[in-house]
Amino acid sequence: MKTLLLKVDSDEPEPQKIHRAAEIIKTGGLVAFPTETVYGLGADALNPAAVRRLFEAKKRPLDNPPIVHVADPMEISRLVAKVPKKAQLLVNRFWPGPLTLIFNRSEVVPKVTTAGLDTVAIRMPKHKVALELIKQSDCPIAAPSANLAGKPSPTTAQHVYDDLNGRIDAIINGGATNIGVESTVLDLSVDPPMLLRPGGTPIEALRKVLGEIRLHPFVESEQELSLNEIRSPGMAHKHYAPKAKVVLVEGQVPEVVAKIQDLEKSYRLKGDKVGILATDETQAFYEANVVRSLGNRKNLSTVAQSLFRLLREVDAEGVDVIIAEGVSSEGLGLAVMNRLRKASGYHIIKAK
Ligand code: TXA
Ligand code: MG
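Basically the numbering used here = 1-based index in the sequence shown + 1343.
Below you can see the structure in the form of structure tokens.
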């Protein structure tokens, strides 16, 4: 399959290009597009054959449902059985934006779109290109992140191309995404609501609106959970894993730096090529084959923004091992740490 590349202005997307992409969605095809979090791979959410192709293209297990994207909060009423009061509060405050809500689904949503679950995940993205594409396609768009299953999520059209060229119909290139980690997933089919995936909307902000929110154990888990502990199917699958081995070092900053210096030396003496993912505050302290800063510890949105890109870039340098610094779990840090722990396959070292 030849993948069509459509470069657009991300603020003022050219209508004829969006129209071209929307025609592909309407006829059951697959189009990758930018959102404010990461790039999504879109298909008509109400067309079972199109959604099945989505799983195939990504090599995604069929038990892990995609998120259904809408361009207008009013669209949720036909997709869900009942809109809880709490949903209205959240939608008013956080949509459009990086918050996905889980509802009991209506009969309109095909089984394959929810992987056979009774619930459906819905979000309204805050990105002109995504919103225009959904509107022009005239259907809700099912869109998982536009990476091959198991790889870091794509934050540029180039990442999508590297993973999916020849496997999908089109890629809309609207530049790098702004937030860099995926949306927060909050389950409203239970009460109190439960956070299933930390993401671009901090839990602190959600608690201000809703009060009590439970954290699924997986969110902060430092080890693999067993299957019966899993609510969100995606939790079970291998994620964000570069080719290189990843080691995550957590603790107070001075101890973390000392531990990473030690680790780097021992890997080097073994003959390994080492990459270090440091922070602005610490990168000068390291000598290794590749040293990159994830961003600023006092502004974790910079870390979120570059995390997936740097995992891909350092991996592309052909290192044997990537040693990453842990950061604080506050605000966007909770999402960053969740992704780093998964990327390391829970190879976590506590620096003391
Ligand atoms: O920011 C994002 O959320 C991006 C952009 C493209 O919108 N999308 C994204 O989709 O990250 P994906 O498919 O990579 O992740 C969706 C997550 C998975 O962990 C999946 O298991 C969970 O949402 N999910 C989907 N439907 C669910 C449901 N009914 N119940 C529980 N979890 C669900
Ligand atoms: Mg994904």
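In this text, a Cβ means the ideal position worked out from N, Cα and C, and glycines have one as well.
Determine the DSSP secondary structure at methionine 1537, reduced to helix, strand or coil.
strand
How many Å lie between glycine 1464 and proline 1377 at the Cα?
Residue identity check: residue 1464 is alanine in the sequence provided, not glycine. Distance between the alpha carbons of alanine 1464 and proline 1377 is about 19 Å.
C-beta atoms of histidine 1690 and valine 1589 nearer than 8 Å
Yes, they are a contact pair.
Of all the options Val1657, Glu1624, Met1417, which has the alpha carbon lying nearest to the alpha carbon of asparagine 1642?
Glu1624
Can you tell which of Pro1541, Leu1397, Leu1432 has its C-alpha closest to the C-alpha of aspartate 1512?
With distances taken between Cα atoms, aspartate 1512 lies closest to Leu1397.
Name the DSSP bridge partner or partners of arginine 1466?
His1412
Per DSSP, threonine 1443 forms a beta bridge with which residues?
Val1528
Check whether the stretch 1462-1480 touches the stretch 1408-1427, counting contact only when three or more Cβ pairs, one atom from each stretch, lie closer than 8 Å.
The stretch 1462-1480, when compared against the stretch 1408-1427, does touch it at the 8 Å Cβ threshold.
Taking its Cβ as the centre, do 16 or more other Cβ atoms sit within 10 Å of methionine 1537, making it buried, or is it exposed?
buried
If I measure Cβ to Cβ from glutamate 1418 and keep anything under 7 Å in the same chain, skipping five residues before and after, which residues do I get?
Pro1483
Could you say if the stretch 1345-1361 and the stretch 1438-1456 meet the contact criterion of at least three C-beta pairs nearer than 8 Å?
Put simply, the stretch 1345-1361 does not touch the stretch 1438-1456. Fewer than three CB pairs are less than 8 Å apart.
C-beta contact flag for serine 1649 and glycine 1638 at 8 Å
yes
When the distance is taken between beta carbons, is serine 1480 closer than 8 Å to valine 1381?
no
How big is the Cα-Cα spacing for isoleucine 1692 and threonine 1645?
24 Å
Whole angstroms is fine: what's the gap from valine 1679's alpha carbon to valine 1524's?
8 Å
Are there 16 or more other CB atoms within 10 angstroms of the CB of glycine 1385, so buried, or fewer, so exposed?
buried
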